[in-house]
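Student: The structure is given below, and queries will be raised subsequently.
Here you go:
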């Protein structure tokens, strides 16, 4: 004996969530069954709302209309574009609150092992933006992984001939990082990127 | 800046799942956004199917029609009723595969602290079943918590005058249980419930 078919289907459906196995999915479905019919309808309507989410025509960020709030914002510095792999990375930087430029979301990184090539990413739009607009700096904030580095290198090479400043986010130890736990590459990069202690910072 | 409203609403909605905080809900919603429109529709339809789930008119188990599969099954021993707090507990016992009787789901346990009284539980239907049917044994499989014990005691007292055998599932150490980690009550119960070693078992 097992759960009725509709419960089993719902459990199976919830397993698309990352890290959610049969046990968690079951607990989630039982929580949904505990809701009143009207609350469950509201829950489903809230998920249905995701159908309104589009990608910004300019930068690829999530938005509900054509252009996202950041691209619309006149107060942002349009001369700096920060290139990120995903809208989630964009939000992480945005929530830290120090960056006032604009973004460009690649929707992934180049990967020879996964067969992801330049034409699979939101790259053409990036180069078009750069060549059309009044861009002074492109900050490459793709992940510090092998594929992320490759992607950054690829973009850097493509912009070689332009007079645009291309920068890469710094490598080093994270806040709270333990020296003895750091891998050798990170340690080496943290040393070669060392700066004079600035008493004003 | 934050996610568009529809993403925020979906994140908020997913937090009804037990143990799911803002971070997990965000990851889940981003996974939903990664789905194609048709796959997301299927996902939502699967959750919608939960509206078909009813409680069995006889035992309170989840089912899709009026009567659940267990109550319909002629091969089950109708003279033994196992009383459980929830349909989830029922399934746990059922999946272990050793019990061939029928069940009765209380939809909770008595709790003076939470204000749950006999009339709030599926108890009247239990006593009606017991008095009408040809029941020989009632196995009380409510949780081994204070409230679960109270509920078991309440049912036992109500059936005092009948000739029905009322049993309670055994207390003791679980499989793999460490003696030094067991609480005193459990240890005491494990000793008082000790059995002669049976070489055939």
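Residue numbers (the numbering used here), protein chains in the order written: chain A, 1288 to 1488; chain B, 1288 to 1488. Built from N, CA and C at the ideal position, the CB exists for glycine as well.
(1) On the CB-based measure, 16 or more other CB atoms within 10 Å of its CB, does residue 1333 (chain A) come out buried or exposed?
(2) I want to verify the contact list: residues of chain B whose CB lies under 7 Å from the CB of residue 1385 (chain A), in sequence order.
(3) Whole angstroms is fine: what's the gap from residue 1303 (chain B)'s alpha carbon to residue 1475 (chain A)'s?
(4) CA-CA distance, residue 1488 (chain B) and residue 1448 (chain B)?
(5) Residue 1391 (chain A) and residue 1363 (chain A) look like a contact to me (Cβ under 8 Å); what is the Cβ gap, rounded to whole Å?
(6) What residue does the alpha helix (DSSP H) around residue 1358 (chain B) start on, and which one ends it?
(7) Report the neighbours of residue 1324 (chain B) on chain A: residues whose CB is nearer than 9 Å to its CB, in chain order.
(8) Cutting at 8 Å between CB atoms, please list the residues of its own chain near residue 1443 (chain A), excluding the five before and the five after it.
(9) Can you find a heavy atom of the ligand GDP that lies under 6 Å from the Cβ of residue 1423 (chain A)?
(10) Are residue 1395 (chain A) and residue 1408 (chain A) closer than 7 Å when you measure CB to CB?
(11) Roughly how many angstroms lie between the CA atoms of residue 1413 (chain B) and residue 1317 (chain B), to the nearest whole one?
(12) With contact counted as at least three CB pairs below 8 Å, one residue from each stretch, are the region 1292 to 1301 of chain A and the region 1321 to 1337 of chain B in contact?
(13) Should residue 1352 (chain A) and residue 1389 (chain A) be called a contact, given that it needs their Cβ atoms to be closer than 7 Å?
(14) Since I believe residue 1484 (chain A) is in contact with residue 1291 (chain B) (beta carbons under 8 Å), could you give me their beta-carbon distance rounded to a whole number of angstroms?
(15) If we ignore side chains and look at the alpha-carbon of each, how far apart do residue 1320 (chain A) and residue 1374 (chain A) end up?
(16) Who are residue 1454 (chain B)'s beta bridge partners in DSSP?
(17) Relative to the C-alpha of residue 1305 (chain A), which residue among B:1306, B:1311, B:1301 is closest?
(18) Pull up the CB-CB distance for residue 1346 (chain B) and residue 1355 (chain B), whole angstroms please, since I reckon it's below 8 Å.
(19) In chain order, which beta strand (DSSP E) runs of at least 3 residues are fully inside the region 1382 to 1448 of chain B?
Tutor: Answer, in terms of the structure:
(1) For the purposes of this step, residue 1333 (chain A) is taken as the residue at position 46 of the first chain. Buried, since its Cβ has 16 or more Cβ neighbours within 10 Å.
(2) Within the first chain, the letter at position 98 stands for residue 1385 (chain A). None at all; the shortest Cβ gap to chain B is about 13 Å.
(3) For this step, residue 1303 (chain B) is matched to residue 16 along the second chain. For this step, residue 1475 (chain A) is matched to residue 188 along the first chain. When rounded, the distance between both Cα atoms is 45 Å.
(4) The residue labelled residue 1488 (chain B) in the question sits at position 201 within the second chain. The residue labelled residue 1448 (chain B) in the question sits at position 161 within the second chain. Residue placement at residue 1488 (chain B) is poorly supported in this model, since its pLDDT is 48, which falls under 50; the coordinates still yield a value, given next. Those two C-alpha atoms are separated by around 35 Å.
(5) By one-based count along the first chain, residue 1391 (chain A) stands at place 104. By one-based count along the first chain, residue 1363 (chain A) stands at place 76. That belief does not hold up - the Cβ atoms of residue 1391 (chain A) and residue 1363 (chain A) are roughly 13 Å apart, past 8 Å.
(6) Here residue 1358 (chain B) refers to the residue found at position 71 when the second chain is read from its first residue. Where residue 1358 (chain B) is concerned, the enclosing alpha helix (DSSP H) stretches over 1356 to 1359.
(7) The residue labelled residue 1324 (chain B) in the question sits at position 37 within the second chain. 1338, listed in chain order.
(8) Your numbering for residue 1443 (chain A) matches position 156 in the first chain. Within the same chain, residue 1443 (chain A) has close Cβ partners 1427, 1453, 1455.
(9) Although the ligand GDP was asked about, the structure shown includes no ligands whatsoever.
(10) One-based indexing of the first chain puts residue 1395 (chain A) at position 108. One-based indexing of the first chain puts residue 1408 (chain A) at position 121. Taking 7 Å as the Cβ cut-off, residue 1395 (chain A) and residue 1408 (chain A) qualify as a contacting pair.
(11) For the purposes of this step, residue 1413 (chain B) is identified with residue 126 of the second chain, where counting begins at 1. For the purposes of this step, residue 1317 (chain B) is identified with residue 30 of the second chain, where counting begins at 1. Computed Cα separation, rounded: 45 Å.
(12) yes
(13) By one-based count along the first chain, residue 1352 (chain A) stands at place 65. By one-based count along the first chain, residue 1389 (chain A) stands at place 102. No; because the gap between Cβ atoms is not below 7 Å, this pair is not in contact.
(14) Sequence index remark: in the second chain, residue 1291 (chain B) carries index 4 (1-based). Sequence index remark: in the first chain, residue 1484 (chain A) carries index 197 (1-based). Incorrect: roughly 42 Å between the Cβ atoms, too far for contact.
(15) Sequence index remark: in the first chain, residue 1320 (chain A) carries index 33 (1-based). Sequence index remark: in the first chain, residue 1374 (chain A) carries index 87 (1-based). The straight-line gap from Cα to Cα measures roughly 33 Å.
(16) On the second chain, residue 1454 (chain B) is found 167 positions in, with the first residue counted as 1. Beta-bridge pairing links residue 1454 (chain B) to B:1426.
(17) Taking the first chain and counting its residues from 1, the one referred to as residue 1305 (chain A) is at position 18. Closest by alpha carbon: B:1311.
(18) Stepping through the second chain from its first residue, residue 1346 (chain B) is reached at position 59. Stepping through the second chain from its first residue, residue 1355 (chain B) is reached at position 68. The pair is a contact, with the Cβ atoms about 6 Å apart (cut-off 8 Å).
(19) 1389 to 1392, 1424 to 1427
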